[in-house]
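Engineer: Numbering (the working numbering), first residue to last: 37 to 117.
Beta carbons are placed, not taken as given, at the ideal position from N, Cα and C, and that holds for glycine.
Below: one structure in structure tokens.
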């Protein structure tokens, strides 16, 4: 299939036909990685990382927490302290 490179604002782009997206089972809001390999443009889907549940987020946490103060510095504008 032949497509044309078209100007889109300050960039250029090509349109990917719907049947190609269907064959790849890609939707119109996919996140992809675009790279160059051997003089060719390669587009690969990026699988977003799975969201962790609370148990996974705290895995390895030993339960000991010591609250401490952090010095953010003095006011730099019209903050009221």
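(1) To the nearest angstrom, report how far apart residue 81 and residue 74 are at their CA atoms.
(2) Going by beta-carbon coordinates alone, are residue 41 and residue 48 separated by less than 7 angstroms?
(3) Where does the unbroken beta strand (DSSP E) through residue 79 begin, and where does it stop?
(4) In angstroms with no decimal places, state the Cα-to-Cα distance between residue 108 and residue 90.
(5) What are the boundary residues of the beta strand (DSSP E) that includes residue 72?
(6) Mapping the DSSP letters down to three states, classify residue 91 as helix, strand or coil.
(7) In three-state terms, what does DSSP make of residue 100?
Structural biologist: Considering the structure as presented:
(1) If you draw a straight line from the Cα of residue 81 to the Cα of residue 74, it comes to about 19 angstroms.
(2) Between residue 41 and residue 48, the CB-CB gap stays under 7 angstroms.
(3) Judged by DSSP secondary structure, residue 79 falls within the beta strand (DSSP E) whose first and last residues are 76-81.
(4) Those two C-alpha atoms are separated by around 29 angstroms.
(5) Judged by DSSP secondary structure, residue 72 falls within the beta strand (DSSP E) whose first and last residues are 68-73.
(6) In this structure, residue 91 counts as helix in the three-state DSSP scheme.
(7) In the structure shown, residue 100 sits in coil (DSSP, three-state: anything other than H, G, I, E or B).
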